[in-house]
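Student:
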Ligand code: CMC
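Put into structure tokens, the structure is as follows:
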């Protein structure tokens, strides 16, 4: 980097040679650099977006230093205790909690659009039985754009609403089918008597020849999982959805891009990775060895389910999910040795200088795998469950972006390759 510094001065009002500060309702202010290049000929350099607010959004607020997460202003702990997932979906999409008959109308819409075009099911048969559910979901969700032409005009508000509801309504059957196909079981249809979470559980675990009896403790735990994972401001997958949407791409393609981004082990794939790690650790005695590996910079091993780009304190979701995990294990009478390893690992890591100094705390994925496993989910479905929940956030951000008019997202770069040179003569 050249040692030439340009130090713009910032103020609340734009003055010549300075850059304005923009402020949200809560949270840190941001330097508005939109005119930096045109007026000063320099770019802002922020790989990994550690100091970049990529957009304005009114959906979700995270205060990582204090472990705060708000959906449309409501604390996640209160929503997890009092709201249903369907209410939270309505809240995230529309900005307010449903009142009077808004919730029943919304539930009717979700049910109406929950069926899949029968031909969509034939897509599954093109995949190998051992395909990872996330690989199947990327493909099938993207393929929805080949079926629902009446929700593809991104300029039309009615099309947009229909596409949004369709995606949220169909995702339970899409996700369940990625599992039932892998085990060769026929796919069940949504049941109009059941709520969103229970419906997913019956489509996932129900047998073709027997009525599925919903266990209210499991259904509520799953509803809470959905609430906790519904949105998380500009995370990698949501930013992917927004970036894809900025080019005018259709909503199904945008959400398929989000699913692809979520799959990585640093993001949604971490819940699967946590369980694999706990299995590998195997017993409480092996924890110090695992911690030593996580601290060793020459070893690529990281403590999965620990650390977060934004939270430098407890991830508020991890506390809620730990309570749910204990409740479900107790309810089912399961004595899972992995829970003991997880709790001891957390205890030891939180006293270890390495983790304390770097402010590495358990994140939402640390206990979600144990909970999902207790409920009967195979490990490779964990990230698909995350995608099911996060579809609400992706769709809400997609809708918010359509209401803006900021054009295509097109980051710049700091070129570090060869300067111009001539093609070598061949003689
Ligand atoms: N184990 C060991 N060391 C870690 C870990 C970890 N899990 N996470 C961060 N560090 C260290 C890292 O090596 C670095 O050390 P140093 O300063 O000595 O170089 C320091 O902590 C800062 O880490 P970073 O990589 O700059 O942090 P980041 O903000 O880029 O990464 C993260 C955040 C979540 C990708 C990372 O903490 C991680 O890989 N965690 C494990 C995967 C995980 O649990 N992901 C789920 C995230 S929550 C769900 C979601 O939002 O999708």
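Residue numbers (our numbering): 14 to 440.
Cβ coordinates follow ideal geometry from the N, Cα and C atoms, glycine included.
(1) Check whether the segment 376-394 touches the segment 326-334, counting contact only when three or more Cβ pairs, one atom from each stretch, lie closer than 8 Å.
(2) Could you give the DSSP three-state label for residue 62: helix, strand or coil?
(3) How about residue 383 and residue 241: do their beta carbons lie closer than 8 Å?
(4) When you get a sec, list the residues whose CB is within less than 6 Å of any heavy atom of the ligand CMC, chain order please.
(5) Check the C-beta distance from residue 216 over to residue 186 and give it rounded, since I have them as a contact under 8 Å.
(6) Of the residues 399, 319, 323 and 334, which one's Cα is nearest the Cα of residue 360?
(7) Along the chain, where does the alpha helix (DSSP H) that runs through residue 38 open and close?
(8) For residue 101, I'd like the list of residues in its chain whose CB is within less than 7 Å of its CB, leaving aside the five on either flank, ordered along the chain.
(9) Grouping DSSP H, G and I as helix and E and B as strand, with all else coil, what is residue 208?
(10) Are residue 291 and residue 351 closer than 8 Å when you measure CB to CB?
(11) Going by the beta-carbon positions, is the gap between residue 393 and residue 146 smaller than 8 Å?
(12) Are there three or more Cβ pairs, one per stretch, closer than 8 Å when the segment 147-156 is compared with the segment 271-278?
(13) The beta strand (DSSP E) that contains residue 75, what's its start and end?
(14) Within this structure, are the beta carbons of residue 257 and residue 249 separated by less than 8 Å?
(15) Between which two residues does the beta strand (DSSP E) carrying residue 81 extend?
(16) With DSSP as the reference, label residue 87 as helix, strand or coil.
(17) By the DSSP assignment, the alpha helix (DSSP H) with residue 362 in it spans what residues?
(18) Between residue 4 and the rest of its own chain, which residues show a CB-CB distance below 6 Å, the 5 nearest in sequence each way excluded?
(19) Based on the DSSP output, what are the partners of residue 319 in its beta bridges?
(20) Would the beta-carbon of residue 354 fall within 8 Å of that of residue 297?
(21) Let me check understanding here. Comparing Cα to Cα, which of 59, 435 and 419 lies closest to residue 261?
(22) What would DSSP say about residue 132, mapped onto helix, strand or coil?
(23) Beta-carbon within less than 6 Å of residue 434's beta-carbon, same chain only, minus the 5 sequence neighbours each way: which residues are those?
(24) Can you look up residue 226 in the DSSP assignment and give me helix, strand or coil?
(25) On the DSSP letters alone, give me the boundaries of the alpha helix (DSSP H) that residue 200 sits inside.
(26) Starting from residue 112, follow the alpha helix (DSSP H) in both directions and report where the run begins and ends.
(27) Assuming contact is defined by CB atoms lying nearer than 8 Å, are residue 134 and residue 200 in contact in what I supplied?
(28) What residue range does the alpha helix (DSSP H) around residue 329 cover?
(29) Confirm, please, whether the CB-CB distance from residue 175 to residue 167 is below 8 Å.
(30) Name the DSSP bridge partner or partners of residue 43?
(31) Expressed to the nearest angstrom, what Euclidean distance is found between the alpha-carbon atoms of residue 65 and residue 41?
(32) Given a threshold of 16 other Cβ atoms within 10 Å of its Cβ, counted over all protein chains shown, does residue 430 qualify as buried or as exposed?
(33) Grouping DSSP H, G and I as helix and E and B as strand, with all else coil, what is residue 168?
(34) Express the C-alpha separation of residue 78 and residue 194 in angstroms, rounding to a whole number.
(35) What is the rounded straight-line gap between the Cα of residue 397 and the Cα of residue 112?
(36) Give me the residue from 202, 410, 218 and 209 with the minimum Cα distance to residue 237.
Tutor: Let me lay it out:
(1) With the cut-off at 8 Å, the segment 376-394 and the segment 326-334 touch.
(2) Helix, per DSSP.
(3) Contact: no.
(4) Ordered along the chain, the selected set is 245, 248, 279, 280, 281, 283, 307, 315, 316, 317, 318, 319, 320, 321, 322, 371, 373, 376, 377 and 378.
(5) Taking the Cβ atoms as the reference, residue 216 lies roughly 6 Å from residue 186, within the contact range of under 8 Å.
(6) Answer by Cα proximity: 319.
(7) Unbroken run through residue 38: none, as it is neither H nor E.
(8) Apart from the 5 residues on each side of it in sequence, residue 101 sits with its Cβ closer than 7 Å to the Cβ of 84, 92, 240 and 243 in its chain, given in chain order.
(9) DSSP, read as helix, strand or coil, puts residue 208 in coil.
(10) For residue 291 and residue 351, yes; Cβs fall inside 8 Å.
(11) Against a cut-off of 8 Å, the Cβ pair of residue 146 and residue 393 comes out as a contact.
(12) Taking a contact to require three or more Cβ pairs closer than 8 Å, the segment 147-156 and the segment 271-278 qualify as touching.
(13) Residue 75 -> beta strand (DSSP E) spans 73-76.
(14) Their beta carbons are not under 8 Å apart, which means residue 257 does not touch residue 249 by this criterion.
(15) Note, residue 81: beta strand (DSSP E), 81-84.
(16) When secondary structure is reduced to three states using DSSP, residue 87 falls in the strand class.
(17) Taken as a continuous stretch (DSSP letters only), the alpha helix (DSSP H) holding residue 362 covers 350-362.
(18) The first residue shown for the chain is 14 and the last is 440, placing residue 4 beyond what the model contains.
(19) Bridge partners of residue 319: 375.
(20) The answer is yes: Cβ separation under 8 Å.
(21) For the set 59, 435 and 419, the Cα lying nearest the Cα of residue 261 is the one of 419.
(22) In the three-state scheme derived from DSSP, where H, G and I count as helix and E and B as strand, residue 132 is classed as helix.
(23) Leaving aside the five residues that flank residue 434 on each side, none in its chain has a CB nearer than 6 Å to its CB.
(24) Here residue 226 sits in coil by DSSP.
(25) Counting along the chain, residue 200 falls outside any alpha helix (DSSP H), and DSSP gives it neither H nor E.
(26) Under the DSSP assignment, residue 112 falls outside any alpha helix (DSSP H); it carries neither an H nor an E label.
(27) In contact: residue 134 and residue 200 (Cβ atoms closer than 8 Å).
(28) Segment 329-345, the alpha helix (DSSP H) holding residue 329.
(29) When the beta-carbon positions are compared, residue 167 and residue 175 stay at least 8 Å from each other.
(30) Per DSSP, 35.
(31) When the Cα atoms are used, residue 65 and residue 41 turn out to be separated by approximately 11 Å.
(32) By the neighbour-count rule (16 or more Cβ atoms within 10 Å), residue 430 is not buried but exposed.
(33) DSSP places residue 168 in coil when its eight states are reduced to three.
(34) Straight through space, the alpha carbons of residue 78 and residue 194 are spaced by roughly 43 Å.
(35) Between the alpha carbons of residue 397 and residue 112 lies a distance of about 31 Å.
(36) Closest by alpha carbon: 209.
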